[in-house]
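Since the structure comes first, as structure tokens, the remarks are kept for the end.
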Amino acid sequence: MEWSTGPFIVERVLFQKSGNNLITGQIKQVVEPVGVVLTPGSGAVRSILEDCFELKQGSRYVLFVNRGTDGTYGIDNFNLGRFNTDGTDCEDEIDATNGFLPEGIKTNKQRLREELTAQYGITFAKIGPCGP
């Protein structure tokens, strides 16, 4: 399977992991959990890892990444390592194992988002409208 990659612009580095060497203003490649499998008879079939969602082009995110040996970056913990900041990615609100949760019940993502706000002062636009 060939995994897809896409560019991201480093706007701010919250935490520098050893070996990442991220610098504000750089354009890096991020590997996404989306790939293409070539199958006889069916041709190219798009495949996404279970419980993962691809980044939306033009949307803004906080990403927690690790640098691979090929120089690309992978998102840590798949969906739990990406946080949409501009309110344009409804899939960012989906709990990976339970889908949309009832109003008032926080997903792991929502709890982590609150920690990012408290620790780093990041503001997040309301996502939506979303839902079943």
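For the sequence shown, counting from 1, position 72 maps to 71 in numbering that gives the first Met the number 0; every step adds exactly one.
Note that beta-carbon positions come from the ideal geometry of N, C-alpha and C, so glycine has one too.
Quick caveat, the model's predicted, so the values are computed rather than measured.
1. Are the beta-carbon atoms of residue 58 and residue 31 separated by less than 8 Å?
2. Hey, how far is the Cα of residue 37 from the Cα of residue 8?
3. Out of 44, 66, 91 and 68, state which residue places its alpha-carbon closest to the alpha-carbon of residue 60.
4. Alpha carbon to alpha carbon, what distance is there between residue 44 and residue 63?
5. Hey, how far is the Cα of residue 23 from the Cα of residue 88?
6. What residues are listed by DSSP as bridge partners for residue 86?
7. For residue 82, does the count of other Cβ atoms within 10 angstroms reach 16, so buried, or fall short, so exposed?
8. Can you grab the Cα-Cα spacing for the pair residue 79 / residue 108, in whole Å?
9. In whole angstroms, what is the alpha-carbon distance linking residue 119 and residue 13?
10. Taking Cβ to Cβ, would you say residue 33 is nearer than 8 Å to residue 53?
11. Between which two residues does the alpha helix (DSSP H) holding residue 110 run?
In terms of the structure at hand:
1. no
2. 31 Å
3. 91
4. 28 Å
5. 24 Å
6. DSSP output for residue 86 lists no bridge partner at all.
7. buried
8. 6 Å
9. 7 Å
10. yes
11. 107 to 119
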